[in-house]
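Student: Mind the numbering: the sequence shown is residues 2 to 179 in our numbering, read in order. Virtual Cβ for every residue (Gly too), placed ideally from N, Cα, C.
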Amino acid sequence: MKFSELISNRYSVRAYKADPVDEEKLAQVLEAARMAPTASNRQPIKLIVIPTAGREEALKRIYNKDWFVQAPYVICACGVPSEAWVRQNDQENYFMVDIGIVFDHLILAATELGLGTCWIAAFDAQAAREVLNLSPECVPVVFTPLGYPDKPSLDKRRKPLEVLVERFDEKSNLAQGE
Ligand SMILES: Cc1cc2nc3c(=O)[nH]c(=O)nc-3n(C[C@H](O)[C@H](O)[C@H](O)COP(=O)(O)O)c2cc1C
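1) Are the beta-carbon atoms belonging to aspartate 125 and isoleucine 49 less than 7 Å from one another?
2) Using a Cβ-Cβ cutoff of less than 6 Å, which residues in the same chain neighbour lysine 47 once the five nearest sequence positions on both sides are dropped?
3) Would you call the region 18-29 and the region 81-91 in contact, with 3 or more CB pairs under 8 Å?
4) Return the Cβ separation of leucine 60 and alanine 111 in integer angstroms, given the expectation that the two are a contact with Cβ distance under 8 Å.
5) Would you mind working out which of Asp105, Ile102, Gly101, Pro82 sits nearest asparagine 94, comparing C-alpha positions?
6) Short of 6 Å in beta carbon distance, which residues of its chain neighbour serine 13, apart from the five on each side in sequence? Order them along the chain.
7) Does the beta-carbon of glycine 117 have 16 or more other beta-carbons within 10 angstroms, so that it is buried, or is it exposed?
8) Would you check whether ligand 1 has a heavy atom nearer than 6 Å to the C-beta of isoleucine 121?
9) On a CA-only basis, which of Ile108, Ala129, Gln127, Phe69 is nearest serine 9? Give me that one, please.
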């Protein structure tokens, strides 16, 4: 699949089949996440793979939607801020950016394999800590189910480029600062 097809094929899947996902496909998806760039190559990431079967009730404490537990796996991406790169001049910690890139690799690799995913941030973080028995330095950032989609995509609604992009032309001056 071309990259342009991949990014237009990906959508938030909110209905899954219970069909199993091959170990090999799961490994490919995780490998794509592993290959993601992170600031200063710190890799302040922990990916937790949870087979769904038999754990539906506990998982629904984390995110209470039926479709969250329909797929064979749920994956959680945690950040470890204490291991992340921090910009020196203002102490900005980049672990959230690292997680975003890692997770997008994972999600696009899944799309290429015909697997569905959905970024989930609106979960109960305290429940996630308890259910997954996370160590205190681990911050749960995002979840996704991983499985075969049961419903097709809806149309993508996006702002037009003119709204999203500001282009400096040759006459525009950049502020020089002090
Ligand atoms: C960081 C992030 C957090 C999200 N959290 C949720 C969520 O908690 N629940 C949900 O149903 N969708 C969630 N989404 C999915 C977005 O609503 C979805 O990506 C957006 O509406 C665009 O639709 P599309 O993914 O189908 O292109 C999240 C997406 C991102 C990128």
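Tutor: This is what the structure holds:
1) Counting from one through the sequence shown, the residue named residue 125 turns up at place 124. Counting from one through the sequence shown, the residue named residue 49 turns up at place 48. No; because the gap between Cβ atoms is not below 7 Å, this pair is not in contact.
2) Residue 47 sits at position 46 when you count from the first residue of the sequence shown. Cys79, Cys139.
3) Short answer: they don't touch.
4) Within the sequence shown, residue 60 is the residue found at index 59, counting from 1. Within the sequence shown, residue 111 is the residue found at index 110, counting from 1. That pair is no contact at about 18 Å.
5) Start at 1 with the first residue of the sequence shown, and residue 94 comes out as number 93. Of Asp105, Ile102, Gly101, Pro82, the residue nearest in Cα terms is Pro82.
6) What you label residue 13 is simply residue 12 of the sequence shown in a count that begins at 1. Excluding residues within five positions, the ones whose Cβ falls inside 6 Å are Cys119.
7) Counted from its first residue, the sequence shown places residue 117 at position 116. By the neighbour-count rule (16 or more Cβ atoms within 10 Å), glycine 117 is buried.
8) Counted from its first residue, the sequence shown places residue 121 at position 120. Indeed, a heavy atom of ligand 1 lies less than 6 Å from the Cβ.
9) Stepping through the sequence shown from its first residue, residue 9 is reached at position 8. For serine 9, the nearest C-alpha among the options comes from Ile108.
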